[in-house]
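Beneath this line is the structure, given in structure tokens, with notes to follow.
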Amino acid sequence: MAKSFEDIPGVEWVPGTGEFIKVNSELCSGCGNCVKVCLGSCYVVKGKKAVIQSLDRCMECGACWYVCENEAISFFWPNGGTGFRTQWG
Ligand code: SF4
Ligand code: SF4
């Protein structure tokens with residue numbers, strides 16, 4: 013059976029961090045790189061544009077921002093701390 017995020021020991025997602033990643037659809041080419049690297053399944057490509065479907069499982073790794081060659085993604089650390097917390101810090 014496939015594992016869900018709830019099965020990961022020592023990891024907790026804290027809701028309510030708001031919109032800390034944004035996609036500029038005018039710059040997005042729809043290449044799908046952000047979809048491929050995102051371990052949180054936060055993105056989908058619809059109509060040849062990346063769309064954030066949910067940041068509920070975002071691990072704040074910044075990989076989507078890093079791989080976007082068109083600089084279409086802006087990334088900020090969430091206000092007031094983090095939405096992703098591990099028991100190790
Ligand atoms: S990596 Fe950038 S250009 Fe490619 S689909 Fe994602 S946002 Fe769009
Ligand atoms: S920061 Fe990481 S986990 Fe969050 S949306 Fe980007 S690639 Fe996905």
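Taking our numbering, I'd label the letters of the sequence shown as residues 13 to 101.
Glycine residues also receive a C-beta, built at the ideal position from the N, C-alpha and C atoms.
Asked                                                                                                                                        : Found
Since A7 contacts C40 with CB under 8 Å, what's their CB separation in whole angstroms?                                                      : Residue 7 is absent from the model: the chain starts at 13 and stops at 101.
Compute the minimum distance between the beta carbon of V23 and the heavy atoms of ligand 2, and state whether it is under 7 Å.              : no
Near ligand 2, which residues have their beta-carbon less than 6 Å from any of its heavy atoms, given in chain order?                        : I33, V49, C50, L51, G52, C54, C70, M71, E72, C73, G74, A75 and C76
Taking the DSSP output, what are the residues bridged to V56?                                                                                : V63
Just to check my reading of the structure: F88 and C70 have Cβ atoms closer than 8 Å, yes? What is that Cβ distance to the nearest angstrom? : About 12 Å; that fails the 8 Å criterion.
Thinking C-beta only, is Q65 closer than 8 Å to C54?                                                                                         : yes
Would you kindly check if the distance between the Cβ of V47 and the Cβ of V57 is under 8 Å?                                                 : yes
Could you tell me which residues DSSP puts in a beta bridge with W77?                                                                        : According to DSSP, which records beta bridges pairwise, W77 is partnered with nothing at all.
Taking 7 Å as the cut-off, is the C-beta of S41 nearer than that to any heavy atom in ligand 1?                                              : yes
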